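Report on the structure given below.
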Ligand SMILES: [Zn+2]
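Residue numbers (the numbering used here), protein chains in the order written: chain A, 262 to 447; chain B, 2 to 119.
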């Protein structure tokens, strides 16, 4: 009988070992994180906010951060909640006692951190949104398109973004960001 | 690039984020089992396909994901007004209407081409 070594089930992270960027832009894969895709009706938003420990934002294109969790507005009844520490997101949502739909998408998504003075330019290489600070300020977030793939974009600082992307599209996103980074440095 | 105003995101976004979703304000019959085949065909298959001002459903599929309604001029491709799903047909703002008519005159249509051929 064949020996089933422990190496068989090794999980390799999407984008592990990926590196890129330019003199103006730094690109790095984000650390693994827990994430839920959350749907909640307006009347139950406060119950879910309390259960998750972060206020689900109700204004378009905004996010909220508290207790290590970031809640990103995706639509009028839809949020992406990211927890970079210990998870418990699904349990917390389940304990809310309010009607909702939560799906664990921790492994569906991965994220790329884009920073540096050319960060916005690198993203604009494949995204048509206006990323100037008055229209897309720090904390702003949006589901949108980057080239041919859908992303969720979050501005974490004046010159830093988190690009959430489906893991199977992450090579494409990283590649296009690398090209954008090169152009941004010209 | 064509910009479309999403009534849920409350801002203009690139057309790439949107999908067309057919004619708007097509009402599903109250008791669909009771209607005749002709009435069903009218409801289910037949669309007006009007030239000029049309009311359509659109979906902000790569943004907020919502369906909404839009009045669009199919000749000039100009979006005249967009509004949330569930609202009744919204009037087209007068300024938009005039702009669309002016644009329509400058757009070469199939009929004009056909006229030249005769
Ligand atoms: Zn929208």
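Each residue gets a CB set at the ideal place from its N, CA and C atoms; glycine is no exception. Since we're looking at a predicted model, the values are computed, not measured.
Taking the Cβ atoms as the reference, residue 402(A) lies roughly 4 Å from residue 324(A), within the contact range of under 8 Å. For residue 405(A), the nearest CB of chain B lies under 8 Å from its own CB, placing it at the interface with that chain.
Bounds of any beta strand (DSSP E) do not take in residue 444(A); it lies within the alpha helix (DSSP H) bounded by 431-445. Using a Cβ-Cβ cut-off of 8 Å, residue 47(B) does not count as an interface residue toward chain A, since no Cβ of chain A sits closer than that to its own. Leaving aside the five residues that flank residue 327(A) on each side, the residues in its chain whose CB is nearer than 8 Å to its CB run, in chain order, 314, 315 and 316. Cα atoms of residue 356(A) and residue 306(A): separation of roughly 14 Å, rounded to the nearest angstrom. Against chain B, the CB of residue 304(A) has no partner CB under 8 Å away; the residue lies outside that interface. Our two residues, residue 296(A) and residue 286(A), have alpha carbons roughly 26 Å apart in a direct line.
In chain order, 2, 3, 4 and 5 place their CB closer than 8 Å to the CB of residue 16(B), counting only its own chain and leaving out the 5 sequence neighbours on each side. Not one heavy atom of ligand 1 sits closer than 7 Å to the Cβ of residue 56(B). The beta carbons of residue 51(B) and residue 23(B) sit about 13 Å from each other, so the pair does not count as a contact at 8 Å.
Between the region 417-435 of chain A and the region 368-387 of chain A there are three or more inter-stretch CB-CB distances shorter than 8 Å, so the stretches are counted as touching. Secondary structure in the region 2-75 of chain B: the beta strand (DSSP E) runs of 3 residues or longer, each lying completely within the stretch, are 4-7, 12-15, 20-24, 54-60 and 68-74 in chain order. Not one beta carbon of chain A lies nearer than 8 Å to the beta carbon of residue 88(B).
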